[in-house]
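These protein sequences, in sequence, are chains A and F.
Using my numbering, the first residue of the first sequence is number 15, and each one after it goes up by one.
Using my numbering, the first residue of the second sequence is number 353, and each one after it goes up by one.
Just so you know, even glycine gets a beta-carbon here, dropped at the ideal spot from N, CA and C.
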Amino acid sequence: MANAADSKTNRVAPKSAARTTHARTARAREEAARHQRRQRILWAVVASGLVVVLIAALVIAKATSGGKSSTPPAAAATPAVPASLLTNLAAIPPSQLAQAERLVGSNVGAPSPISDAPLTSAGKPEVFYLGAEFCPYCAAERWAMVVALEHFGSFSGLTETHSSSIDTDPNTPTFAFHGATYSSPYISFVGVETTTNQPQGNFYAPLDNPTAAQEALLEKYTQGTIPFVDFGGKAVIKSPQYDPKILAGLTVDQVAAQVPNLNTAIGQAVEASAARDISAICQMTGGQPSNVCSAFSGSAS
Amino acid sequence: MSAAPSAAALRSGGRTELRLGLAGSALALVGLALASYLTYAHYADARALVCSDKGTINCLKVTTSSYAVQHGVPLAVLGLVFFAVMLPLQLPAAWSRSDPHLRRARLAVAGVGAAAAVWLVWVELFRLDAVCLYCTGVHIVAVALFALTGIGTALTAPLD
Numbered sequence: 015m016a017n018a019a020d021s022k023t024n025r026v027a028p029k030s031a032a033r034t035t036h037a038r039t040a041r042a043r044e045e046a047a048r049h050q051r052r053q054r055i056l057w058a059v060v061a062s063g064l065v066v067v068l069i070a071a072l073v074i075a076k077a078t079s080g081g082k083s084s085t086p087p088a089a090a091a092t093p094a095v096p097a098s099l100l101t102n103l104a105a106i107p108p109s110q111l112a113q114a115e116r117l118v119g120s121n122v123g124a125p126s127p128i129s130d131a132p133l134t135s136a137g138k139p140e141v142f143y144l145g146a147e148f149c150p151y152c153a154a155e156r157w158a159m160v161v162a163l164e165h166f167g168s169f170s171g172l173t174e175t176h177s178s179s180i181d182t183d184p185n186t187p188t189f190a191f192h193g194a195t196y197s198s199p200y201i202s203f204v205g206v207e208t209t210t211n212q213p214q215g216n217f218y219a220p221l222d223n224p225t226a227a228q229e230a231l232l233e234k235y236t237q238g239t240i241p242f243v244d245f246g247g248k249a250v251i252k253s254p255q256y257d258p259k260i261l262a263g264l265t266v267d268q269v270a271a272q273v274p275n276l277n278t279a280i281g282q283a284v285e286a287s288a289a290r291d292i293s294a295i296c297q298m299t300g301g302q303p304s305n306v307c308s309a310f311s312g313s314a315s
Numbered sequence: 353m354s355a356a357p358s359a360a361a362l363r364s365g366g367r368t369e370l371r372l373g374l375a376g377s378a379l380a381l382v383g384l385a386l387a388s389y390l391t392y393a394h395y396a397d398a399r400a401l402v403c404s405d406k407g408t409i410n411c412l413k414v415t416t417s418s419y420a421v422q423h424g425v426p427l428a429v430l431g432l433v434f435f436a437v438m439l440p441l442q443l444p445a446a447w448s449r450s451d452p453h454l455r456r457a458r459l460a461v462a463g464v465g466a467a468a469a470v471w472l473v474w475v476e477l478f479r480l481d482a483v484c485l486y487c488t489g490v491h492i493v494a495v496a497l498f499a500l501t502g503i504g505t506a507l508t509a510p511l512d
């Protein structure tokens, strides 16, 4: 009997041990699985949190930077153009610009009509400017360009600068298109500044690289001279519209204060040039916006 | 070889996937609606957006900037494509599938959306000095989808 009982116990014991081992293994596996899942969730939460923290850091950085844009540095640190200055230029009534154009007659240059392939970008007709920061004629041209373009959209990230201090018409005050962004529902604007105003070697430090197509346009219409402006393949500026000498010795703020005043030489020259640029742009937009283009006869839709 | 999940675990997992699917689909639908509106405005008339066009909140300035079109493709259209791709990936039926390729694809698409949102917030704040309300809505949805997809993928991952 005893032997029989022993033999029964001996048969049951290995099964029970195996069951215990199996249960322990299962528990360990379950624990490992739970740990793995917890870790994965932690990684997911950290990754999501990181994105939120990144965005929050951007907002805080913007709030504490006093609203300054992080425009790429040009030659030297240049102050941002105050929003109020651009608002004042944009607020010059189109009728006043048209009056300036009549006032100056042929003393201010106008874009020459061309018949080229339409120049477009981002699905809109493109105004393409090519110049350089050292160039005083480009400095003068930018005033007219900014007044004109501000009537079709708005700039961000414009900074104040001046032409070369060792060239003709030294230190002509102006804006820097390099690093600026332009928004408009009607047109695109592409500004290329090939050099800074800082001498380097025999010339000036390089800045933007024009594309082959842009260089071809420059070569075709001006044989390489700047400033050059192409209004959507419909008109081009091949030579300065007015003399930069009238801007000599002034700061950007001082010029900006005179631009809206038609009793000043600066006001007449910049506004008349802008008016002629606006007429060319209205040809590109089919007369839109009408509250701007209707002031200019001949900017047909 | 992994042990087969219990019936309770299956039931619980099914509920998690259903909830993830419903929340993800709802977010993708909101994103799709916002992106559709921005796409419509891009092609019809950017000025049609019901939004301020002066000061910091300036949808027109953002949606008509040079950043609004990348390599010839409007960002609004890219947003539309993103949410159109995301919607089927977020459906409860997609969440209930354990296909590793599908899970990775959903996570990758969500990651692209979150990265794009961070870049676009930087552009608005530091390049354009303007914020577009509808774009901000899209960014919030994209980041929420990334969080939901990341956490959901971790929650429903098959265990080794």
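Distance between Thr-182/A and Tyr-389/F, taken at the CA atoms: about 52 Å.
The beta-carbon of Phe-434/F is placed no less than 8 Å from the nearest beta-carbon of chain A. In the DSSP assignment, Pro-220/A falls within the unbroken beta strand (DSSP E) covering 217 to 220. For the 8 Å CB-CB criterion, Arg-290/A and Ala-124/A form a contact. By the CB criterion at 8 Å, Ala-482/F and Thr-408/F fall inside the cutoff. A straight-line Cα-Cα distance of about 5 Å links Leu-443/F and Gly-373/F.
Residue-level contact check: Leu-172/A does not touch chain F, since none of the beta carbons of chain F fall below 8 Å from its beta carbon. The distance from the Cβ of Ala-398/F to that of Leu-412/F is about 6 Å, consistent with a contact at the 8 Å cut-off. DSSP, reduced to helix, strand and coil, places Gly-205/A within a strand of the structure shown. For Thr-188/A, the enclosing beta strand (DSSP E) stretches over residues 187 to 190. The alpha helix (DSSP H) runs lying completely inside the region 241 to 296 of chain A and spanning 4 residues or more are 266 to 272, given in chain order. Take Ala-462/F, set aside five residues on each side of it, and the residues of its chain with a beta-carbon closer than 6 Å to its own are Leu-497, Phe-498, Thr-501, in chain order. Two segments are said to touch when three or more pairs of C-beta atoms, one from each, lie closer than 8 Å; by this definition the region 203 to 210 of chain A touches the region 138 to 151 of chain A. Rounded to whole angstroms, the Cβ separation of Ala-194/A and Gly-171/A is 5 Å, and the two are in contact under 8 Å. Going by beta carbons, Ala-294/A and Lys-248/A fall inside the 8 Å limit. For Tyr-392/F, no Cβ of chain A is located within less than 8 Å of the residue's own Cβ. Ala-288/A sits away from Leu-117/A, with the two beta carbons spaced by 8 Å or more. In the DSSP assignment, Phe-142/A falls within the unbroken beta strand (DSSP E) covering 138 to 145. Near chain F, meaning a CB-to-CB distance below 7 Å, the residues of the region 179 to 210 of chain A are Thr-195, Tyr-196, Ser-197, Ser-198, Pro-199, Ser-202.
The beta carbon of Ile-55/A sits closer than 8 Å to some beta carbon of chain F.
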